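A.B. asks: Quick one: the structure is below, and I'll ask about it shortly.
Residue numbers (our numbering), protein chains in the order written: chain R, 1 to 325; chain P, 326 to 898.
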C-alpha cells in the first residue's frame, strides 16, 4: 500500500510517537474538522443561528407569544383584521396585526410554526425509519426481495410526492369521515408525508448497504456466525447513517413545505389547529380585499424557516462528502 | 553533469494544528542513463519528492526550502506556465495504475500524437510515424495495428508499456516513475522492469524510480536513496547500500524483506518503525483462557480434507438456463491440511485462492465437492446449532486492515462480540478480562480497547483483527493475504506474531498469499494455484528446490533477484 494520505501518515506518526489522544467529548467536537468547516462558512453560521431562534420561538410559543390565539376568552371579533403597527388604524397590542377572527398574527405564527415543525419532524422520522429498514433489507438480501422493494419505490417515484400525500389524505378522509378529521388530521398528515418521502432514504441506504456488505468487517461478522438481522442493525446501519442525516435535514424543509401545501389546499391541518399552511390559506381569502398581512407574514415565516433549514442541510451535505472538500 | 539535482529540499503541508513536514532537507542527484531508486515505507515522503520535482504538489503542500535543478537550470521557482512546458517535454512521468493513467475514450495513437505535437514541432504525419516507432520500442507487437486501439483493448502490462511510451514521446531528459509496477502481477512486473532499464540505457535518460519494493530497487537501480519519515537516511550506490547498509533503519528494512531462498525461524527484530508493543508473556495453554474448554473432538488424520471442490459464479443471469454464463473460480480442487501445520496457497490474482478460503468458512456455498472438517461434512450442515459450532472452530484474518474492522465500534466491543455471541464467558467482567488479555497478547496493551479502529495504524489494526479471530478459541485459522496491505517491516512483525501464536496455541493454519517469499517463511506445505486449479502440492523446501509443475518453475523464475539482499541479510542476521 504505497499511497497514504498525509492525514493518515500524520496520524500514524503521532500514534508511533505515543501522543495521547485522550480528550473530553466537548473539546473533541470543538476541535473536529466538521466544526471548523462550520465556522468557516459564514452563511451556515447565520443559518444555524436563524434555525435555532425559529425553533426556540416555535417550541416556546406558550411562553414567548404575546397572546394565546386558542384562548377564546381573550379573542374578540372586534379586533378582527387589524393591520400591523406601522399602518393606520393599527392597535399597539398586535405587532403584525390580526386575522379575520381577531387572533394576534404574531402569536398565531409562533403556534403555527410549532405545529408545522412537529409534523415535519414526525414525518421525517417516520419516513426515515421506513426507508432505512426497507433499504437495509433490500441492499443486504439482494435478489428478489431487493427487486420487489425497489420496483415499488420506482413506481412511487413516478408520482409527485404531493400527489401521493393528497391521495392518502383523500382515502383517509373517506374512511374516517369529516367528523373525526380534527382528531386524526395530524396523524393522517404524518402518515401521508412519511409514505411519500421514504423512497429517497431507501434508495440511498440500499446503495450504501451494497457497498458496506462486501467490506471485510461484515464478512468477519458472518464468519463469527452472527445472524443477518444483527449484522444489519449493529454493523451496517451505523456505517450508512452519514448520508441519511443529510437527506433527513433537507427532507425536513421539504416536509414542512409539503405540509404547508397540503394545509393550504385544505387537506392538512384544520383551521382549529392552524399550521403555517392553514394560516396562509386563511389569509389567501383576504389577499384581494387589502388585508395582505394575514397571508404574507405566515408566508414569510415559512420561507425563512425552510431557507434556514435548507442552508444547514446543504452545508451538512458538503461537509460529509469528501469529494467536494 | 547530473540531469537532476535536488538540493536541501523541504516540503511542508501546513495543517490546521501543525505543519507536517513531508520531505525534510533531502538532497539527491541523477545522472543521464542512470536509475536512482527512492525507497521507503508509507508516509516516508518518497512520492512527495517526485511530485515536487514535476511541480504537482497537492494543495496545501509547498516547497518550503531548497532548490531543484534540471541540467543546471533552477526549476522549482518557475512560473506555472513554464513549469507546464517542462512537464512531458523535459520530464516524463509514469504513474502507478495503468488503468487510470490513460484516457479510455481516446485511441492510443491520438494520445501519443497529441502529446508529441504539444511538445515538438512535428506535423501530424511525422508524429504518427514517431508514435508507431515508440510503441515498437516499448515492445508492443504489431505497432501499426495496435496503435489504433483503445486502452481497454490492452492488458495491464501492455497498458503500462503505453504509459512508458507516453512518458518518452518528447525525448525527456528525466523520467519519474512512481511505483511503476506495484499494480502489476509478478510475471508482468519483471518484464516492465527489464524494459525500463533497457530504455533508460539506450536513450540516455535519467530515471527516478519511487517504490516501496526492495526487489525493484535491487533489480534495476544504480543508486538508491532510503527515506524514513521525510528524511534521507542513506544514499549511495545500490550495491553498497543493499550490500552493507550503514543506517540502522536500512538494516532493519532489508532484514525484514522475506527471503525466498532460505527459511528463517523468525524475522530479526524490526521495531524501528513501530514498537512491537509490550513483550508478550508466554502463556500456559493448559490453564489459560485460550486453552480452556477446547472441547473439540480429537481428529485422526487430516483436520481439513477438501475433495473436488467446485465453485462457479453466474456472470450473466437469465431465466433460460441455456443463456446463463458462468465463471469457474475453483475447479476440482483437492487437498488436506494436517492438524498443527501451516498450509500455504499461492497464486496470482484471480487464481481462486481467496474463494477457497471463503468456501471453507461458509461465506460462499460450493457448487460441488466436499469439505470435511474433522468428521463433519461442512457442505451438508443445515442445523443452525451445528453451523455455529463449526464457525467457532474456524476463524479468518482478512487482507485489508482498513475495512475489516467496523469503524463505528470500539476495539473492545469488536473483540468482545464473538465471545458474547458464542457465550464463551459467564459474565461481562469476565468478557472484559478476556478482551484485555487478548489485546495484551497480540502486543497492543489493554488500553487499546477504549479506542476506535481509526486511531491505529495498519499493522496495529491487523493485530486487532488477529485478536478478534482468536476470541472464539478457534483451532483452524485462515489467513487471507494478511500482510499484503502492510509495509515490509510491519509485515515481518505480524508474521512473527502469527508464528508465535501458532506455536503456543497449536493452531492449524491455511495461509494464502501471492508472495512466494512470505509463503516460504510461513508454511510447511504449499499448494500452487492457477486459474482456479491446483497445479502442485508439495513440501515447502521441495517446492522451492525442485518444483515439479512448469507453472511453479515459471513463478519462481519471475521473482525479483534477491542476490544483493540475500547477502545483506546473511550479514545482519
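From the three backbone atoms N, C-alpha and C, an ideal C-beta is built for every residue, glycine too. Remember, predicted model here, so these are calculated numbers, not experimental data.
Hey, would you say residue 667 of chain P sits closer than 8 Å to residue 854 of chain P, going by beta carbons?
C.D. replies: no
A.B. asks: Considering Cα atoms alone, identify which of R/126, R/291 and R/298 is closest to residue 264 of chain R.
C.D. replies: R/298
A.B. asks: Restricting to Cα atoms, I'd like to know which of P/648, P/702 and P/577 is closest to residue 628 of chain P.
C.D. replies: Of the candidates P/648, P/702 and P/577, the residue whose Cα lies closest to the Cα of residue 628 of chain P is P/702.
A.B. asks: CB residue 662 of chain P to CB residue 835 of chain P, shorter than 8 Å?
C.D. replies: yes
A.B. asks: If you follow the beta strand (DSSP E) that residue 860 of chain P is part of, which residue opens it and which one closes it?
C.D. replies: 858-864
A.B. asks: Does the distance from the C-beta atom of residue 374 of chain P to that of residue 363 of chain P stay below 8 Å?
C.D. replies: Yes; because the gap between Cβ atoms is below 8 Å, this pair is in contact.
A.B. asks: Nearest to residue 736 of chain P by alpha carbon, out of P/676, P/773, P/534 and P/563?
C.D. replies: P/773
A.B. asks: When the Cα atoms are used, what is the spatial distance from residue 349 of chain P to residue 357 of chain P?
C.D. replies: 25 Å
A.B. asks: Going along the segment 695-717 of chain P in order, which residues come within less than 8 Å of chain R, judged by CB to CB distance?
C.D. replies: Only 712, 713, 716 and 717 from the segment 695-717 of chain P bring a Cβ to less than 8 Å from some Cβ of chain R.
A.B. asks: To the nearest angstrom, how far is it from the Cα of residue 317 of chain R to the Cα of residue 366 of chain P?
C.D. replies: The alpha-carbon atoms of residue 317 of chain R and residue 366 of chain P are separated by roughly 35 Å.
A.B. asks: Anything in the segment 741-755 of chain P with a Cβ closer than 9 Å to a Cβ of chain R? List those residues in chain order, please.
C.D. replies: 742, 743, 746 and 747
A.B. asks: Please list the terminal residues of the continuous alpha helix (DSSP H) segment that includes residue 309 of chain R.
C.D. replies: 293-320
A.B. asks: When you compare only the Cα positions, how much space is there between residue 495 of chain P and residue 447 of chain P?
C.D. replies: 11 Å
A.B. asks: With H, G and I counted as helix, E and B as strand and the rest as coil, what does DSSP make of residue 280 of chain P?
C.D. replies: What the structure shows of chain P is the stretch from 326 to 898, and residue 280 of chain P is not part of that stretch, so it cannot be assessed.
A.B. asks: Below 8 Å on C-beta distance, what does residue 399 of chain P contact in chain R?
C.D. replies: Neighbours of residue 399 of chain P on chain R: none; closest Cβ ~26 Å, over 8 Å.
A.B. asks: Bridge partners of residue 662 of chain P, per DSSP?
C.D. replies: P/629
A.B. asks: Using a Cβ-Cβ cutoff of 8 Å, what residues of the segment 119-148 of chain R are near chain P? List them in chain order.
C.D. replies: Residues of the segment 119-148 of chain R with a C-beta atom less than 8 Å from some C-beta of chain P do not occur.
A.B. asks: For residue 797 of chain P versus residue 683 of chain P, is the C-beta distance shorter than 8 Å?
C.D. replies: no
A.B. asks: Can you tell me whether DSSP reads residue 507 of chain P as helix, strand or coil?
C.D. replies: coil
A.B. asks: With 8 Å set as the bound, which would you pick, yes or no: does the beta-carbon of residue 723 of chain P sit closer than that to a beta-carbon of chain R?
C.D. replies: yes
A.B. asks: Report the rounded CA-to-CA distance for residue 800 of chain P versus residue 833 of chain P, giving the unit in angstroms.
C.D. replies: 6 Å
A.B. asks: Alpha carbons only, please: which of P/873, P/723 and P/760 is nearest the one belonging to residue 217 of chain R?
C.D. replies: P/723
A.B. asks: Using 10 angstroms around the beta-carbon of residue 604 of chain P, count the other beta-carbons present and answer buried if the total reaches 16, otherwise exposed.
C.D. replies: Note that residue 604 of chain P scores a pLDDT of 43, beneath 50, so its modelled location is shaky and nothing firm can be said.
A.B. asks: Mind checking if residue 495 of chain P is an interface residue toward chain R, Cβ cutoff 8 Å exclusive?
C.D. replies: Residue contact with chain R for residue 495 of chain P: absent (no Cβ-Cβ distance below 8 Å to any residue of chain R).
A.B. asks: Whole angstroms is fine: what's the gap from residue 408 of chain P's alpha carbon to residue 400 of chain P's?
C.D. replies: 7 Å
A.B. asks: So the candidates are P/334, P/839 and P/859; which of them puts its Cα closest to the Cα of residue 556 of chain P?
C.D. replies: P/334
A.B. asks: By DSSP, does residue 21 of chain R sit in helix, in strand, or in coil?
C.D. replies: Confidence is the limiting factor: at residue 21 of chain R the pLDDT is only 47, short of 50, which leaves the residue's position unreliable and the question unanswerable from this model.
A.B. asks: So, helix, strand or coil for residue 101 of chain R, using DSSP?
C.D. replies: coil
A.B. asks: Of all the residues that make up the segment 666-692 of chain P, which are near chain R by a beta-carbon distance shorter than 7 Å?
C.D. replies: Of all residues in the segment 666-692 of chain P, only 686 and 688 come within less than 7 Å of chain R when Cβ atoms are compared, listed by chain position.
A.B. asks: Expressed to the nearest angstrom, what Euclidean distance is found between the alpha-carbon atoms of residue 46 of chain R and residue 104 of chain R?
C.D. replies: 28 Å
A.B. asks: With H, G and I counted as helix, E and B as strand and the rest as coil, what does DSSP make of residue 91 of chain R?
C.D. replies: Residue 91 of chain R carries a coil assignment under DSSP once its states are collapsed to helix, strand and coil.
A.B. asks: Return no unless some Cβ of chain R is closer than 8 Å to the Cβ of residue 577 of chain P.
C.D. replies: no
A.B. asks: Rounded to whole angstroms, what's the CA-CA distance from residue 770 of chain P to residue 543 of chain P? Just pull it up for me.
C.D. replies: Between residue 770 of chain P and residue 543 of chain P, the C-alpha separation is close to 37 Å.
A.B. asks: Closer than 8 Å, CB to CB, is residue 238 of chain R near chain P or not?
C.D. replies: Under the 8 Å criterion on CB atoms, residue 238 of chain R is classed as interfacial with respect to chain P.
A.B. asks: List the residues of chain R whose Cβ lies closer than 7 Å to the Cβ of residue 720 of chain P, in chain order.
C.D. replies: 223
A.B. asks: Could you have a look at residue 241 of chain R and say whether DSSP puts it in helix, strand or coil?
C.D. replies: helix
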